[in-house]
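See below for the structure under consideration.
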Amino acid sequence: MPPTSLSARPGRVRRLLVVSVGVASCGVFGLAWVVDRFGQRERAEPSDAVVVLGARVLAGGVPSGALRARTEKAVELYRRGVAPRLVFSGGVGVHPPSEARVMLTLATQLGVPEEACVLEESSHSTEDNARLTAKLLRELGARRVVVVSDPYHLLRARQYFRLNGFEVSTSPALETERNLHWVDRFYWTVREAVALVLHPRVLWARAPGDAGPDVTTPAR
125 MPPTSLSARP
135 GRVRRLLVVS
145 VGVASCGVFG
155 LAWVVDRFGQ
165 RERAEPSDAV
175 VVLGARVLAG
185 GVPSGALRAR
195 TEKAVELYRR
205 GVAPRLVFSG
215 GVGVHPPSEA
225 RVMLTLATQL
235 GVPEEACVLE
245 ESSHSTEDNA
255 RLTAKLLREL
265 GARRVVVVSD
275 PYHLLRARQY
285 FRLNGFEVST
295 SPALETERNL
305 HWVDRFYWTV
315 REAVALVLHP
325 RVLWARAPGD
335 AGPDVTTPAR
């Protein structure tokens with residue numbers, strides 16, 4: 125072969141690599157935009173229960189900002205009559221007690237009767253949240269739920285609850301540092317997009333009875 129042909133192939137490989145990386149990056153950032161737009165909208169509908177996903181508990185059992193914001197949002201929904209039950213989901217992290225128990229304490233301090241609350245104290249991931257609360261929800265006769273979490277988290281959370289057979293609407297806890305500060309918002313949203321790309325089964329989960337996925341369908 126002529127010498128020029130020997131150098132052509134590495135050049136083509138490099139170009140192909142650059143194009144592939146570019147396409148992948150566009151896909152991730154495009155999905156990140158969908159994740160952000162989805163999470164910023166209030167979509168709560170009358171339901172059987174509000175499920176609140178846990179966040180970090182600080183030393184001494186102090187709720188993190190995210191945990192407090194999520195609980196306050198759930199209490200707001202309860203007061204509005206969106207659902208008669210609050211289900212708090214979250215296990216013990218670095219600092220006890222469980223995320224669910226800290227949320228219960230906050231909710232009762234804000235006036236929610238303890239008998240209206242249900243705890244799930246073993247989960248350590250979004251998948252756990254959905255899987256472990258599913259049994260509790262079915263015991264309550266719940267088929268439709270509102271999921272409360274940080275905006276960046278809501279699309280993936282909805283999809284996991286769909287995989288467990290529930291009709292799901294979502295409600296964002298907007299007053300958290302991960303949403304109020306643009307650097308944090310960008311980081312966590314892109315991180316969620318990557319998680320969804322790596323788990324396409326979750327991304328394409330459908331609501332019971334739906335004919336197809338609707339990750340970008342606006343609230344009605």
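Under this note's numbering, think of the first position of the sequence shown as 125, with each following residue one higher. Don't be surprised by glycine CBs; every beta carbon is placed ideally from N, CA and C.
According to DSSP, simplified to helix, strand and coil, what is residue i?
i	result
HIS323	coil
GLU291	strand
GLU196	helix
ALA173	strand
LEU191	helix
VAL181	strand
VAL152	helix
VAL159	helix
VAL186	strand
TRP312	helix
PRO332	coil
GLU238	helix
VAL218	coil
VAL307	helix
VAL206	coil
ALA317	helix
Suppose you measure from the CA of residue i to the CA of residue j; what does that come to, to the nearest Å?
i	j	result
ARG294	ASP274	Sequence inspection shows Thr at residue 294; the Arg mentioned does not correspond to that position. When rounded, the distance between both Cα atoms is 10 angstroms.
LEU287	ARG267	13 angstroms
ARG204	VAL236	12 angstroms
ARG192	LEU210	15 angstroms
ARG309	ALA297	13 angstroms
ASN303	LEU230	21 angstroms
ARG167	VAL292	9 angstroms
LEU264	VAL314	35 angstroms
SER171	ARG255	19 angstroms
GLY185	HIS219	7 angstroms
VAL269	VAL326	18 angstroms
VAL199	GLU239	14 angstroms
ASP252	THR195	19 angstroms
GLY163	LEU320	14 angstroms
VAL271	VAL174	6 angstroms
HIS305	PRO324	29 angstroms
Terminal residues of the continuous beta strand (DSSP E) containing residue i?
i	result
GLU251	Not the beta strand (DSSP E): GLU251 falls in the alpha helix (DSSP H), residues 250-263.
ARG268	268-273
LEU210	210-213
For residue i, which residues in the same chain have their Cβ closer than 7 angstroms to its Cβ, ignoring the five residues on either side in sequence?
i	result
HIS248	GLY215
VAL307	none
Just to confirm my understanding: we take residue i, look at its own chain, exclude 5 residues before and 5 after, and list those with CB closer than 8 angstroms. What are they?
i	result
THR250	LEU177, HIS277, ARG280, ALA281, TYR284
ALA190	ALA179, ARG180, ASP274, ALA297, THR300, GLU301, ARG302
SER188	ALA179, ARG180, VAL181, LEU182
LEU260	VAL211, VAL242, GLU244
SER207	Correcting the residue type first, residue 207 is Ala in the shown sequence and not Ser. Result list for ALA207: PRO170, SER171, ASP172, ALA173, VAL174, LEU201, VAL269, VAL270, in chain order.
Going by DSSP, what residue range makes up the alpha helix (DSSP H) through residue i?
i	result
GLU301	301-304
LEU243	First-last for LEU243: 241-244, but that is the beta strand (DSSP E), not the alpha helix (DSSP H).
VAL226	223-233
Using DSSP's beta-bridge definition, name the partner residues of residue i.
i	result
PRO296	SER273
Sorted by chain position, which residues of the same chain lie with C-beta nearer than 6 angstroms to residue i's C-beta, five sequence neighbours on each side aside?
i	result
PHE212	VAL176, ALA224, MET227, LEU228, LEU243
GLU245	GLY215, SER222, ALA224
ALA317	VAL152, LEU155, ALA156, VAL159
ALA258	ASN288
TRP312	TYR276, ARG302
THR232	GLU238
LEU234	VAL199
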